[in-house]
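Chemist: Residue numbers (this note's numbering): 1056 to 1598. Even for Gly, the Cβ is constructed at its ideal location relative to N, Cα and C. To start, I am sharing the structure in question, which I have written as structure tokens.
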């Protein structure tokens, strides 16, 4: 067994046996006519030319912004002949004459020409703006496609849109894949994290090229099949939400060092350099260190001149909204999104800074600075653990809700390299889920249980001191509050339920240890708290 058939047999795809068998048979049949591009080609493939109008391309990509160009160059470097198209066709010619010159890259000047230059089954990737442009390009491609062709959306599409497109295109015999792509411009060029999902019959045909261009971590590609429908884009959405949280936590640590400890940027950079050699070793700590060291032409830190009004493209908000829809307490990502929203009301904050003043008993830090910096490192580490624990809780619940079989060790592996949240820390998450794929919560693993308990004293001290100094720490604070709530057997929600029943007859359930003939376990109970309210209860449901 060789080619796509053998490669399919070696992976764990979440889905039905029938679909896998179908994909295997299709891959075997296709292998005869269409061998793997990585076996056919090498990085020394013939230079680009438009003189041959026959199907020569192994892979096609639409969208020649920087990410698209870099993915094409990456694929060409790994032996594929790539067909490139852009709606503004002059970009195609410019790309061929410059960055793509001498590489196995073919240009197309129309959708029809683009499709005609690809070998069957055609593998066509869209890297265009999410939303209507994706639908528009799909409709433009369809008249020239044949059954079995593969369309891949590599943008930041919302997962319900990917669900819809996968179902729609399946009715036309087209295999649709929605893949998360993370790593920015550099990742796209030299190895991104790829999170493909959709019609699993497509995976045997795209696995070679995807895993060849993906980042590698300890020799393993940061790319694996995620699941059906919008699963790939869902995992990318949660990735982006965690990215929001990581960035907010680092910003809060910077603010504490800057305003709480009065440290200059270079000294903050030195602290980050130290942190990047330990448990916080990550891409985001690394680039933040570089930002701290970067001075403008006048010799002063450029970062201090940047307007403190943060932008966002929506994926963090989608994560927070989906968490609310699923009833999952993903508090850190939500606070990170809201912190960006608060930053955006710059005019109001400027006015408030002149009216609302800090009033407290302690207006400067007076403790042991070195100990506090060690505590701050542990607080950041602990809060990151909480953020990832919440993210994996959310994906676990989504898998139940949407009928996906998500492979948690593979997801952690996909995030270990190439992507924005890549870090040494993710190696430990991968190990935890490999040791126990059914791990209910990351905090239940021995490694992270020890880590979170070790970090607690410093974590609590950092959050308390920041509050005493009037420095906002929404992400640090919510992480600690969530942890304290999660580890509490009896929360005050009993009172909340009594209040709801008092004013709205919304009912409550009794604790098993207090059950009796009057109050039975599992019953929805209403009590006439005042003697005037009556005994009729409201309908019981979960929003």
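#1: Helix, strand or coil: which one does DSSP assign to residue 1112?
#2: When DSSP labels each residue in this structure, what does residue 1276 get in the three-state scheme?
#3: How many Å lie between residue 1537 and residue 1251 at the Cα?
#4: In the structure shown, what three-state DSSP assignment does residue 1412 receive?
#5: I'd like the list of long-range same chain contacts for residue 1158, defined as Cβ closer than 6 Å, with 5 residues on each side in sequence excluded.
#6: Run the CB neighbour count on residue 1153, radius 10 Å, all protein chains shown included, and call it buried at 16 or more, exposed below.
#7: Among residues of its own chain, excluding the 5 on either side of residue 1258, which ones have a beta-carbon nearer than 6 Å to its beta-carbon?
#8: Using 8 Å as the cut-off, can you tell me whether the segment 1457 to 1468 makes contact with the segment 1481 to 1491, which would need three or more C-beta pairs spanning the two stretches below that distance?
#9: Mind checking residue 1267: buried by the 16 CB within 10 Å criterion, or exposed?
#10: May I have the straight-line CA-CA distance separating residue 1206 from residue 1394, to the nearest angstrom?
#11: Could you check which residue in 1505, 1444, 1434, 1261 has the C-alpha nearest to that of residue 1294?
#12: DSSP puts residue 1283 in a beta bridge; with which residues?
#13: Please go through the segment 1192 to 1237 and give each complete beta strand (DSSP E) segment of 3 or more residues, from N-terminal end onward.
#14: Look up residue 1239 in the DSSP assignment and say whether it is helix, strand or coil.
#15: In whole angstroms, what is the alpha-carbon distance linking residue 1189 and residue 1208?
#16: Here's the rule I'm using: 16 or more other beta-carbon atoms within 10 Å means buried, otherwise exposed. How should residue 1354 be labelled?
#17: With a CB to CB cut of under 7 Å and the five nearest residues on each side skipped, what residues in its chain are close to residue 1383?
#18: Please classify residue 1165: does DSSP put it in a helix, a strand, or coil?
#19: Assuming residue 1471 is part of the beta strand (DSSP E), what are its boundary residues?
#20: Return the residue from the list 1521, 1282, 1139 that minimises the CA-CA distance to residue 1231.
#21: So residue 1178 is in the beta strand (DSSP E); what residue range does that whole segment cover?
#22: Report the option in 1286, 1184, 1348 whose CA atom is closest to the CA atom of residue 1455.
#23: Please determine, among 1380, 1139, 1264, the residue with the shortest C-alpha to C-alpha distance to residue 1167.
#24: Given this structure, state the Cα-to-Cα distance separating residue 1196 from residue 1175, to the nearest angstrom.
#25: So what does DSSP say about residue 1138, is it helix, strand or coil?
#26: Quick one: complete alpha helix (DSSP H) runs, 4+ long, within the segment 1325 to 1399?
#27: Does DSSP put residue 1291 in a helix, in a strand, or in coil?
#28: In angstroms, rounded to a whole number, what distance separates the CA positions of residue 1085 and residue 1180?
#29: Spell out a yes or no on whether the segment 1364 to 1380 and the segment 1345 to 1352 are touching, meaning 3 or more CB-CB pairs, one atom from each, closer than 8 Å.
#30: Can you tell me whether residue 1288 is buried or exposed, with buried defined as 16 or more other CB within 10 angstroms of its CB?
#31: In the structure shown, what three-state DSSP assignment does residue 1420 receive?
#32: Are residue 1183 and residue 1160 closer than 8 Å when you measure CB to CB?
#33: If I'm right that residue 1244 touches residue 1204 with Cβ under 8 Å, what's the distance once you round it to whole angstroms?
#34: Expressed to the nearest angstrom, what Euclidean distance is found between the alpha-carbon atoms of residue 1564 and residue 1528?
#35: Give the DSSP-derived three-state secondary structure of residue 1546 in the structure shown.
Modeler: According to the structure data:
#1: strand
#2: strand
#3: 31 Å
#4: Per DSSP, reduced to three states, the secondary structure at residue 1412 is coil, with no helix or strand assignment.
#5: 1131
#6: exposed
#7: 1280
#8: The way I'd put it, the segment 1457 to 1468 does touch the segment 1481 to 1491; three or more beta-carbon pairs between them come closer than 8 Å.
#9: buried
#10: 37 Å
#11: 1444
#12: In the DSSP assignment, residue 1283 is bridged to 1253.
#13: Segments of the beta strand (DSSP E) lying fully in the segment 1192 to 1237: 1205 to 1208, 1230 to 1237.
#14: helix
#15: 7 Å
#16: exposed
#17: 1448, 1449, 1452
#18: coil
#19: Where residue 1471 is concerned, there is no enclosing beta strand (DSSP E), given that its DSSP letter is neither H nor E.
#20: Here the closest residue by C-alpha is 1282.
#21: 1178 to 1181
#22: 1286
#23: 1139
#24: 14 Å
#25: strand
#26: Runs of the alpha helix (DSSP H) inside the segment 1325 to 1399: 1338 to 1348, 1370 to 1381, 1386 to 1399.
#27: helix
#28: Because the pLDDT at residue 1085 is just 40, under 50, the model does not fix this residue reliably, and the value given afterwards should be weighed accordingly. Near 20 Å, if we compare the C-alpha coordinates of residue 1180 and residue 1085.
#29: As far as the Cβ criterion goes, the segment 1364 to 1380 does not touch the segment 1345 to 1352, which means the pair count is below three.
#30: buried
#31: Residue 1420 falls in the coil class under three-state DSSP.
#32: no
#33: With a Cβ gap of about 27 Å, residue 1244 and residue 1204 do not count as contacting.
#34: 36 Å
#35: coil
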